[in-house]
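*Asks:* No gaps in the numbering here: position 65 of the sequence shown is 54 in our numbering, and each next residue is one more.
We put the beta carbon where it would ideally sit given N, CA and C, even for glycine.
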Amino acid sequence: KFRTCVRARSFGEQKLGAEFYSREPSKPLFIEHNLLTVQNLFRFRSIMEVVKIVKSREPGPLFQSLDISKHNVNRFLTPEPSIHFFYKAPWLWNSLRKSIAKIEFENDENLIKCLLRKSLLSAQEQNPESWCTTNFTDFSK
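This is the structure in structure tokens:
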């Protein structure tokens, strides 16, 4: 968009038409620069926080609030559905484990971060022309 300043345009071109104000699609920029959307940043940070809590067992009250399965130590037993961290983060972890079976709590944090970021970015790249709900709800393999 060139010559947006009124003084830079000739008198007859002072008014800008609707085509000037049309939005550029943002999805190509996110794909080109490997940026996560706000929704996926929330999912990324929630999962990484729950991983840190489980690995370090600190802070104690938060760790005790998480219910880890006795049969599968890499799975959470989620409480009643809600918007709170103690439901969302374990639920997101369980969803991620369904997509990427090789992720475990014993893995290095950097490996988990890398696999999670790749999964979120590839889910974001689905339907490259426009945003859709699966860009923010799915994990890719």
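1. If residue 79 and residue 67 are in contact, beta carbons under 8 angstroms, what's the gap, nearest whole angstrom?
2. I'd like the list of long-range same chain contacts for residue 24, defined as Cβ closer than 8 angstroms, with 5 residues on each side in sequence excluded.
3. In its own chain, which residues sit with a C-beta less than 7 angstroms from the C-beta of residue 63, not counting the 5 before and 5 after it?
4. Nearest by alpha-carbon distance to residue 27: which of 115, 129, 110, 73 is it?
5. Short check: CB of residue 112 to CB of residue 97, under 7 angstroms?
6. Based on DSSP bridge pairs, tell me the residues matched to residue 31.
7. For residue 33, which of 21, 119, 22, 99 has the nearest alpha-carbon?
8. Pick from 114, 55, 104, 35: whose alpha carbon is nearest that of residue 21?
9. Hey, how far is the Cα of residue 7 from the Cα of residue 15?
10. I think residue 36 touches residue 104, with their Cβ atoms under 8 angstroms apart; what is that distance to the nearest whole Å?
11. Just the C-alpha distance for residue 125 and residue 31, rounded to the nearest angstrom, thanks.
*Replies:* Quick answer:
1. 5 angstroms
2. 18
3. 86, 93, 94
4. 110
5. no
6. Answer is none; residue 31 lacks a bridge partner.
7. 99
8. Answer by Cα proximity: 114.
9. 19 angstroms
10. With a Cβ gap of about 10 angstroms, residue 36 and residue 104 do not count as contacting.
11. 10 angstroms
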